[in-house]
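This report concerns only the one structure given below.
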Ligand code: SF4
């Protein structure tokens, strides 16, 4: 065990130098590209283990090779090989446990060009392998965000070429009438409101197009941090219907109500912390956009900061948030049905939603 702590660990910076969100993992200095030097968290971990003095290189707890990561929440350091194997094993386990893939599935992976969706596409491709009874395609959205979208789309195209996966690109301009930039200007939205509009619009397009393409599932690259944030956001907003649509697989989606239908959503990376998803994508040589979107803001960012702060003090807290929610989910879904908040067909576009007019129509027909 002591070997696990004999490392000089890096701080929490992403490829672009922006801070990464915490979840009880430290990236080792020997991970490429080189990271910041020894953090306070590593020093605290060493103190907890009763180790003192200058730390040496980090060794893999499995094989003794140079480690690329130390997982506080498991008390384990892993080399490149064992880290990649561990992530792949965890993802396969989640896919199997929740029955995310079935014979005949046509999976559309929502590919934004970021690290999470790149890793999700790569891992799903690996899991499906050469099976002929399943198909995988990538679904990308051009929101029309000047400055960041072009690079993201370029990276997503590179990845699809590399993996030999067919990519469909849909744009807000064509599907909704204007780019996100134009809509933000027209409505005079502040930084706190853009993600709400954008998220609803993207989900609307993805669901509609997936159905038109005859896809049976949409795969999202949400990581552990994203899922914990979504749970907390719905909790603080008191949005029970939306909370009922969280979880590893969306249950509503399998039902056809009022003629409309949600395509089932699956989240195979749901138990992988954000830092580990980025490290996995980097070590696997996947092309992805390192920069964040210029509009990122609103409640999610505040919840993210709060969870990061808590995770730093209480290692493993995000796992607890998600696993506790999963235990409550059946009750939440039952209560939504009892309250008569089931899925309806939007009277304007025919897409599924929780009200007579879906959120996308409400926002884009203004
Ligand atoms: Fe849309 Fe917000 Fe994501 Fe930017 S950060 S792409 S505005 S949801």
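Residue numbers (the numbering used here): 793 to 1158.
Each residue gets a CB set at the ideal place from its N, CA and C atoms; glycine is no exception.
task = Give me the Cβ distance between residue 1011 and residue 891, rounded to the nearest whole Å; I'm assuming they're in contact under 8 Å.
result = Residue mapping note: residue 1011 aligns to position 219 of the chain shown, counting from 1. Residue mapping note: residue 891 aligns to position 99 of the chain shown, counting from 1. The pair is not a contact, with the Cβ atoms about 14 Å apart (cut-off 8 Å).
- prompt: Under 8 Å between the Cβ atoms of residue 1090 and residue 987?
  reply: Within the chain shown, residue 1090 is the residue found at index 298, counting from 1. Within the chain shown, residue 987 is the residue found at index 195, counting from 1. In contact: residue 1090 and residue 987 (Cβ atoms closer than 8 Å).
* Asked: Could you give the C-beta distance for residue 1032 and residue 1124, rounded to a whole number, given that I count them as a contact under 8 Å?
  -> Looking up residue 1032 in the chain shown gives position 240. Looking up residue 1124 in the chain shown gives position 332. With 8 Å as the limit, residue 1032 and residue 1124 qualify as a contact, their Cβ atoms being about 6 Å apart.
Ignore the nearest five residues each way along the sequence and tell me which others in residue 761's own chain have a CB closer than 8 Å to its CB.
This structure cannot speak to residue 761, because the chain is shown only from 793 to 1158.
Closest Cα partner of residue 1006 within the set 850, 936, 1060 and 897: Numbered from 1 along the chain shown, position 214 holds the residue referred to as residue 1006. Selected option, being the one with the closest Cα: 897.
Would a check of beta-carbon distances place residue 1105 closer than 8 Å to chain C? No chain C is present in this structure, which holds just one protein chain.
| task | Rank 1122, 1092, 1145 and 1069 by C-alpha distance to the C-alpha of residue 910 and give the top, closest one. | result | Position 118 of the chain shown, counting from 1, holds the residue named residue 910. The candidate whose alpha carbon is nearest that of residue 910 is 1069.
- prompt: Any contact of the segment 1059-1066 with the segment 1080-1088, i.e. 3+ C-beta pairs under 8 Å?
  reply: no
- Message: Going by DSSP in three states, residue 863 sits in which element: helix, strand or coil?
- Response: Taking the first residue of the chain shown as 1, we reach residue 863 at position 71. Residue 863 falls in the strand class under three-state DSSP.
Looking at the structure shown, is residue 873 part of a helix, part of a strand, or coil, going by DSSP?
-> Here residue 873 refers to the residue found at position 81 when the chain shown is read from its first residue. In the structure shown, residue 873 sits in a helix (DSSP, three-state: H, G or I).
Which class does residue 960 belong to by DSSP, given the choice of helix, strand or coil?
If you number the chain shown from 1, residue 960 lands on position 168. Of the three classes helix, strand and coil, the one that applies to residue 960 here is strand, per DSSP.
| query | Should residue 1088 be counted as a contact of the ligand SF4 given a C-beta to heavy atom distance under 7 Å? | reply | Sequence index remark: in the chain shown, residue 1088 carries index 296 (1-based). Correct: residue 1088 has its Cβ closer than 7 Å to the ligand SF4.
Practice problem: With DSSP as the reference, label residue 886 as helix, strand or coil. | Solution: Translated into the one-based positions of the chain shown, residue 886 becomes position 94. Residue 886 falls in the helix class under three-state DSSP.
Three-state class that DSSP yields for residue 1050 in the structure shown: Along the chain shown, read from residue 1 onward, the residue named residue 1050 stands at position 258. With a pLDDT of 43 at residue 1050, under the threshold of 50, the predicted position of this residue should be treated as unreliable, and no value is reported.
Q.
Please determine whether the Cβ atom of residue 935 lies at a distance below 7 Å from any heavy atom of the ligand SF4.
A. What you label residue 935 is simply residue 143 of the chain shown in a count that begins at 1. Yes; taking the cut-off as 7 Å, the Cβ of residue 935 has a heavy atom of the ligand SF4 nearer than that.
Option nearest residue 1072 by Cα separation, candidates 913, 1003, 1116 and 992
Reading the chain shown from its first residue, position 280 is the one you call residue 1072. It is 913.
Which one of 1015, 915, 1026 and 1110 has the shortest CA to CA distance from residue 955? Looking up residue 955 in the chain shown gives position 163. Out of 1015, 915, 1026 and 1110, 915 has the C-alpha closest to the C-alpha of residue 955.
Should residue 1147 go down as buried or exposed, given a rule of 16 or more other Cβ atoms within 10 Å for buried? Stepping through the chain shown from its first residue, residue 1147 is reached at position 355. Looking at its Cβ environment, which holds fewer than 16 other Cβ atoms inside 10 Å, residue 1147 is exposed.
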